[in-house]
Amino acid sequence: MSTRIIYTSRTGNTKMLAQRIFEAVEDDDKNICPIEEWQHDTEADTYFVGFWNNRGTCGLEICDLLDELDGRRVALFGTCGMPDNHDYYRTVEDAVKVWLPDHVDYLGCFLCQGKMPMSTRRKFEEMRNENNAREIDACIRNFDAALLHPDEDDLHRAAEFARNAGKRQG
Ligand SMILES: Cc1cc2nc3c(=O)[nH]c(=O)nc-3n(C[C@H](O)[C@H](O)[C@H](O)COP(=O)(O)O)c2cc1C
Numbered sequence: 002m003s004t005r006i007i008y009t010s011r012t013g014n015t016k017m018l019a020q021r022i023f024e025a026v027e028d029d030d031k032n033i034c035p036i037e038e039w040q041h042d043t044e045a046d047t048y049f050v051g052f053w054n055n056r057g058t059c060g061l062e063i064c065d066l067l068d069e070l071d072g073r074r075v076a077l078f079g080t081c082g083m084p085d086n087h088d089y090y091r092t093v094e095d096a097v098k099v100w101l102p103d104h105v106d107y108l109g110c111f112l113c114q115g116k117m118p119m120s121t122r123r124k125f126e127e128m129r130n131e132n133n134a135r136e137i138d139a140c141i142r143n144f145d146a147a148l149l150h151p152d153e154d155d156l157h158r159a160a161e162f163a164r165n166a167g168k169r170q171g
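Here the sequence shown stands for residues 2 to 171, numbered as in the working numbering.
Okay, here's the thing in structure tokens:
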């Protein structure tokens with residue numbers, strides 16, 4: 002069996018997951034690359050495709066990649082600024098899943114929180130006023146919590162996801 006891990010990562014969070022997933026995959030024939038270096042090889046058995054949450058979904062480059070994987074086993078993974086909330090993460094998974102071609106063996110999706118750039122916190126601080134203080138303070142608390150992610154537990158769970166996905170028949 003052969004496995005490819007292809008990911009996009011602006012600030013490194015999704016890359017951390019990709020590397021841990023790569024280490025967890027048991028196939029001898031495996032490789033990992035950022036999407037910019039992907040040579041459009043679609044002959045492997047299994048693809049782990051990693052994305053960062055961009056306004057509730059993945060970027061267009063991930064949509065294009067998924068479109069090429071008809072007939073393959075495909076697992077998704079990614080990071081979100083929002084915390085682990087089953088409903089929200091399910092919405093993100095669904096938004097990305099729609100780009101899978103019809104004949105994919107879908108192996109599931111692993112998502113976890115990922116830190117955001119300091120500019121995001123500054124934007125929240127600038128937006129804060131007496132009318133929105135409660136809401137913005139919650140955003141700032143979430144921002145600060147996200148600074149710790151992906152943490153070791155997230156990476157451990159990503160590895161477990163990869164090992165289980167590798168065993169699934171789709
Ligand atoms: C333009 C932009 C839009 C984002 N939109 C969302 C979003 O809608 N929901 C969310 O949970 N996180 C959102 N984020 C946060 C990132 O998905 C998160 O920080 C992610 O871990 C970044 O991954 P990376 O380090 O691999 O680039 C957004 C970040 C940016 C820069």
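Note that CB positions come from ideal geometry on N, CA and C, so glycine has one too.
Residue j beta carbon less than 8 Å from that of residue i
i	j	result
T43	L70	yes
G109	A166	yes
D145	P102	no
I36	F23	no
A19	A160	no
I137	M128	yes
K116	A139	no
Where residue i sits in the DSSP three-state scheme
i	result
L18	helix
S10	coil
D152	coil
L112	strand
A147	helix
T121	helix
V93	helix
N132	coil
C34	strand
L70	coil
D106	strand
C140	helix
N165	helix
C59	coil
A45	coil
Residue i to residue j span [Cα, whole Å]
i	j	result
V93	K124	23 Å
N86	D30	35 Å
L149	P118	12 Å
N132	V99	37 Å
H41	E153	32 Å
Q114	S120	18 Å
T4	R158	19 Å
P151	C81	10 Å
D28	F49	13 Å
W39	R169	25 Å
D106	Y89	23 Å
G2	G51	Note on residue identity: the sequence assigns Met, not Gly, to residue 2. For M2 and G51, the distance between alpha carbons rounds to 20 Å.
N54	E126	22 Å
H104	A134	48 Å
K16	C64	18 Å
N130	R91	32 Å
Rounded distance between the beta-carbons of residue j and residue i, thought under 8 Å
i	j	result
L112	G79	5 Å
L66	V97	Not confirmed; about 11 Å, so no contact.
M83	N143	7 Å
R74	D46	6 Å
L156	R21	4 Å
Exercise. Counting Cβ pairs, one atom from each stretch, are 3 or more of them under 8 Å apart for the region 48-64 and the region 4-24?
Worked result: yes
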